[in-house]
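Student: This structure is in structure tokens; I'll ask about it shortly.
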Amino acid sequence: MSTILYNASSSLVPKFQRHNVLRQQRDATPGLSSSLHDEGIDRPSSNGQDDTPFKSGFAKNSDGYLQELCCSVYPTSLHQRIRKLDSMADLPLQALMSLVWQNFVTSWYGVKIPTCDDLFMAQLFDLTQLIAGRLKSTDLECEPFIADDLPSVLSEHIQAMRACVREDDAFYRYCQLTSFEEGYYPQVLTNYVLATVPAGSSLQTTFLQALFNELLMGKIMDRVSEPYFALSAISKLCRKLEARRRRKDKQPKAGPVDRIKKWIAAAGRTIALMTSMDKSAKKALELPLAYTNVFTLIFVDLLKLPGRKPYLYAVGKTLQYWSAKSRSVDAVFQNLFFNLIKQCVSMETNMHRLLILLREGLFPEDNKIGTGTVIPEGDEFEDFKRTCADDLWQAVHAYRLDSVLGVEEKDVTEIIEIICRDKRCNKLLAFRIIDALLARTSYLSA
């Protein structure tokens, strides 16, 4: 780890700042900038104080754009390596982290630290590459996570929130019901991630602990856990479903021959999903698919079928028993499930998209960290909650879930209240999901 002299009140700071200004003036003078470059002196990286949006001649989020973004932050010695980065994972991750370094590391140079330390930035680049390598070598068991682990965590969360939603200190009661200590997260997740990073100096360890605990799993996770964003996503989804339904109603009704053709095509696609499977990639579930937690989450915890539609629930339990008892039937349903997951979850594509969305959310102009969406408060937020509940209830009614499955309007209101009760509960839920996800990951041998 490079040596950094940190002293905000040091007399070296104004001296360095004056020297930096003079060097920038020399760089602006024709004929001098090239001589500096010939001597091997790099221009100092952007210190993050300029709020000018990043501009590039390439289309936003293209490979060329991301390369130029990284080169604007990292020293010249790394530019050749940046141009050779893998575009699916390495490049978008480096683009995201370069903006983090620009906002929280290089912005200190000349302000609190009297130096421009390219060696430290090179080490941060190598650290990011190490993380990218671990991500690419990760083998995630998506099927058991989606069928068992995630529904189990969500079921426990819903049950606990229903019990404590009226409590004065909902978060304290929530921690009791879920058997989690308030300070358990995020330190355990940070320790897991940093265990894969080679041990360095005490400064490096302190920096990484602060990066994960205070920034990534602190401030950023606090922002993500805001109920407003979950309600916005629900409202947008409901309106999208409503718009799709209206477009479908406006379309001329197909004749009987066309309906038969569509039915045959849909049946053919379903049969193909049920029968085709890459056996080398298939990992059988520990239990029959019918006995996984996903059905308990949907029919018991969300829809409450045992109390509302006992006969329908009894029919479902009977089908569950016979489908689990027959190995051939269970194999067919597992094939269908695995293929649907394979279609929806592409590790590289989704990782690339996730990193792009995360960067755009945190750094809208690819410069300073954004202030983010202004979250309504007080009466304005209560109005927003009612609007979201109305949108969700209209979607339930439009698809006849109220008449078929017995969903009531008070159930919709209850779900909205659970989401909005305490964002600390949402944050703990996010940590538990990440924990379960990490438990299903392993690293492929080289």
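If you count by full-length UniProt numbering, then the sequence shown holds residues 1 to 446, one letter each, in order. Quick reminder that beta carbons are idealized off the backbone N, C-alpha and C, glycines included.
1) Give the DSSP-derived three-state secondary structure of Thr106 in the structure shown.
2) Select from Val257, Met217, Glu365 the residue whose C-alpha is nearest the C-alpha of Asn426.
3) Which same chain residues, not among the five before or five after Ser155, have their C-beta less than 7 Å away from its C-beta?
4) Smallest Cα separation from Asp222: which of Ala331, Arg424, Tyr399?
5) Scan the segment 321 to 371 and note each continuous beta strand (DSSP E) run of 3 residues or more that stays entirely inside, going in chain order.
6) Do Arg440 and Phe180 come within 8 Å of each other at the CB atom, strictly closer than that value?
7) Would you call the CB atoms of Gly366 and Pro92 closer than 8 Å?
8) May I ask you to report which of helix, strand or coil DSSP gives Asp168?
9) Please work out which residues of its chain come closer than 8 Å, Cβ to Cβ, to Ala430, disregarding the five sequence neighbours upstream and downstream, and give them in chain order.
10) With Thr138 as the anchor, note down where its beta strand (DSSP E) starts and where it stops.
11) Taking Cβ positions, are Ala160 and Leu177 nearer each other than 8 Å?
12) Which partner residues does Ser442 have in the DSSP bridge list?
13) Looking only at its chain, what residues have a beta carbon closer than 7 Å to the beta carbon of Glu167, apart from the 5 residues adjacent to it on each side?
14) Which residues in the same chain have their Cβ closer than 6 Å to the Cβ of Lys240, if we skip the five residues on either side of it in sequence?
15) Counting Cβ pairs closer than 8 Å, one from the segment 260 to 269 and one from the segment 413 to 422, do we hit at least three?
16) Whose C-beta lies closer than 7 Å to the C-beta of Ser46 among residues of the same chain, with five residues either side of it excluded?
17) Pull up the distance between the alpha-carbon of Val193 and that of Thr138, whole angstroms please.
18) Where Leu36 and Leu78 are concerned, what is the direct C-alpha to C-alpha distance, given to the nearest angstrom?
19) Between Leu96 and Leu357, how many whole angstroms is the CB-CB distance? I'm expecting something under 8 Å.
20) Please name the residue in Asn191, Ala163, Lys236 whose C-alpha comes closest to that of Leu438.
21) For Ile434, which of helix, strand or coil comes out of DSSP?
22) May I have the straight-line CA-CA distance separating Phe207 from Ile234, to the nearest angstrom?
23) Taking Thr387 as part of the alpha helix (DSSP H), name the residues at either end of that continuous run.
24) Using only alpha-carbon positions, find the residue among Asp126, Leu150, Leu189, Gly406 that is nearest to Gly307.
25) Measuring CB to CB, does Trp393 end up less than 8 Å from Glu409?
Tutor: In terms of the structure at hand:
1) The three-state secondary structure of Thr106, taken from DSSP, is helix.
2) For Asn426, the closest alpha carbon among the candidates Val257, Met217, Glu365 is that of Met217.
3) Exclusion of the five residues before and after Ser155 leaves Asn293, Thr296, Leu297, Asp301 as the residues of its chain whose Cβ lies within less than 7 Å of its Cβ.
4) Measuring from the Cα of Asp222, the nearest candidate turns out to be Arg424.
5) Secondary structure in the segment 321 to 371: no beta strand (DSSP E) run of 3 residues or longer lies completely within the stretch.
6) It is not a contact, given that the beta carbons lie outside the stated cut-off.
7) It is worth fixing the name first, because residue 366 is Asp in this sequence and not Gly. Between Asp366 and Pro92, the CB-CB gap reaches or exceeds 8 Å.
8) Coil.
9) Excluding sequence neighbours, Ala430 sits near Met221, Val224, Ser225.
10) That run of the beta strand (DSSP E) goes 138 to 140.
11) Closer than 8 Å, so yes.
12) DSSP lists Asp139 as partners of Ser442.
13) The answer, listed in chain order, is Arg173.
14) The beta carbon of Lys240 lies closer than 6 Å to none in the same chain, with the five residues before and after it left out.
15) Counting Cβ pairs under 8 Å, fewer than three are found: no touch.
16) For Ser46, the predicted model reports a pLDDT of 42, less than 50, meaning its position is unreliable; a value from the coordinates is still stated below. Cβ-Cβ distances below 7 Å link Ser46 to Ser72, Val73, Gln102, Thr106 in the same chain, with the five nearest sequence neighbours on each side left out; the list follows chain order.
17) Answer to the nearest angstrom: the Cα atoms are 12 Å apart.
18) Interpretation of Leu36 is limited by its pLDDT of 33, a score under 50 that renders its predicted location unreliable; the figure taken from the coordinates is listed afterwards. Spanning the two alpha carbons is a distance of roughly 18 Å.
19) Not confirmed; about 10 Å, so no contact.
20) Ranking Asn191, Ala163, Lys236 by CA distance to the CA of Leu438 puts Asn191 first.
21) Three-state result, Ile434: helix.
22) CA-to-CA, the gap between Phe207 and Ile234 works out to about 37 Å.
23) Unbroken alpha helix (DSSP H) run through Thr387: 378 to 398.
24) The residue with the shortest Cα to Cα distance from Gly307 is Gly406.
25) With respect to Glu409, Trp393 sits close: the two C-beta atoms are nearer than 8 Å.
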